[in-house]
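Residue numbers (the working numbering): 26 to 276.
Heads up, the beta-carbon is just placed ideally off N, CA and C, and yes, glycines get one too.
Okay, so here's the structure we're looking at.
Here it is, written out as C-alpha cells:
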C-alpha cells in the first residue's frame with residue numbers, strides 16, 4: 026500500500042508540473058524551464074539496458090539547439106506508435122505498445138485518439154479539446170487509467186531522470202560528445218550526450234544520466250520533434266522503456 030500511495034503522489038506531482046508547462050507552451054512565450062529534482066536512489070539492483078547499434082550520423086548533423094523546442098506540440102495529421110517494456114524488480118516483464126493519432130476538427134479544436142496494450146492490460150480513449158489544452162487532457166487520461174500509466178512515464182521522460190535534457194536546453198545548444206558531472210553529498214552525478222540516433226526515420230540526441238556510474242535514465246530527443254524518440258527510466262523499483270517504431274505526418 027505504501028508503494029501504491031508513493032506512485033500516486035509521484036504521478037500527481039508530474040501531472041501538475043505538466044499542466045503548468047503546457048500552459049506556458051500555449052502562450053508562445055520562450056521561457057527557460059526549471060530543472061527537475063534528482064531521483065531518489067534505491068537499493069534494488071535492476072538490469073542495465075543492452076547497447077544498441079545506431080545508424081551513422083554525419084558530423085554536420087551533430088550540433089543543434091533546443092532553445093525553441095516545443096514539447097507535446099503535436100499537430101493534426103501526425104501518427105505515433107511506440108513499443109514499450111516494463112521490467113519489475115522481481116524480473117517480471119510486461120511488453121506492449123501504444124499509438125497516438127492527431128486530427129484537426131477545425132481551426133481551434135484538436136482530437137487525439139490513443140490506444141495500446143501492456144501485457145494483458147489494454148486501453149483506448151479519444152479526447153477533443155483546444156490545441157492549447159488537448160495534450161494536458163491526454164496526459165490526465167493516461168494517468169487515470171491503470172492500463173496506461175506507463176505511457177505517462179514514456180511521454181514525460183524528457184523531464185525525468187535528474188533533468189538530463191537540461192544539458193542542451195540550458196546551454197542553448199547541444200552537441201554529441203558533451204559531458205557534465207559533479208560530486209555532492211557523496212554521490213557523483215553525470216550527464217552525457219552520447220551520440221546521434223535514429224528512430225522511425227527521425228534523428229535525435231541520445232542522452233544518458235548516471236549516479237555513481239549507474240544508469241538512471243536515457244532519452245533520445247530531436248530539436249524538431251514534440252515527443253521523445255526513446256526512453257529508459259528507472260522509477261519505483263521498475264524500469265520503463267519505450268521506442269518510437271512508426272511515425273507518419275500529412276505533408
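DSSP three-state label for residue i, please.
i	result
residue 161	helix
residue 114	coil
residue 185	coil
residue 13	In the structure as shown, the chain starts at 26 and stops at 276, and residue 13 therefore has no counterpart that could be examined.
residue 166	helix
residue 88	strand
residue 225	coil
residue 97	coil
residue 103	coil
residue 231	strand
residue 242	strand
residue 247	coil
residue 198	coil
Pull up the distance between the alpha-carbon of residue i and that of residue j, whole angstroms please.
i	j	result
residue 125	residue 216	30 Å
residue 248	residue 219	16 Å
residue 238	residue 129	45 Å
residue 262	residue 131	44 Å
residue 171	residue 141	12 Å
residue 228	residue 112	26 Å
residue 119	residue 145	8 Å
residue 162	residue 152	7 Å
residue 85	residue 200	Below a pLDDT of 50, predicted positions are generally treated as unreliable, and residue 85, at 47, falls in that range; the measurement from the model is reported next regardless. The straight-line gap from Cα to Cα measures roughly 10 Å.
residue 268	residue 168	20 Å
residue 91	residue 230	11 Å
Can you give the beta carbon distance from residue i to residue j, rounded, assuming they're within the 8 Å contact cut?
i	j	result
residue 136	residue 122	Going by Cβ atoms, the distance from residue 136 to residue 122 rounds to 21 Å, so no, they are not a contact pair.
residue 244	residue 182	5 Å
residue 178	residue 265	4 Å
residue 235	residue 246	Contact doesn't hold; Cβ gap of about 18 Å is too wide.
residue 127	residue 102	7 Å
Could you tell me which of the options sits nearest to residue i, measuring between CA atoms?
i	options	result
residue 138	114, 150 and 267	150
residue 224	95, 106 and 153	106
residue 114	205, 213, 222 and 260	260
residue 154	207, 117 and 100	100
Give the DSSP bridge partners of residue i, in chain order.
i	result
residue 146	143
residue 108	122 and 268
residue 134	155
residue 216	205 and 234
residue 273	104
With 8 Å set as the bound, which would you pick, yes or no: does the beta-carbon of residue i sit closer than that to a beta-carbon of chain D?
i	result
residue 238	This model lacks chain D altogether; it includes just one protein chain.
State yes or no: is the C-beta of residue i nearer than 7 Å to some heavy atom of the ligand ZN?
i	result
residue 204	Ligands in the displayed structure: none, and consequently the ligand ZN is not present.
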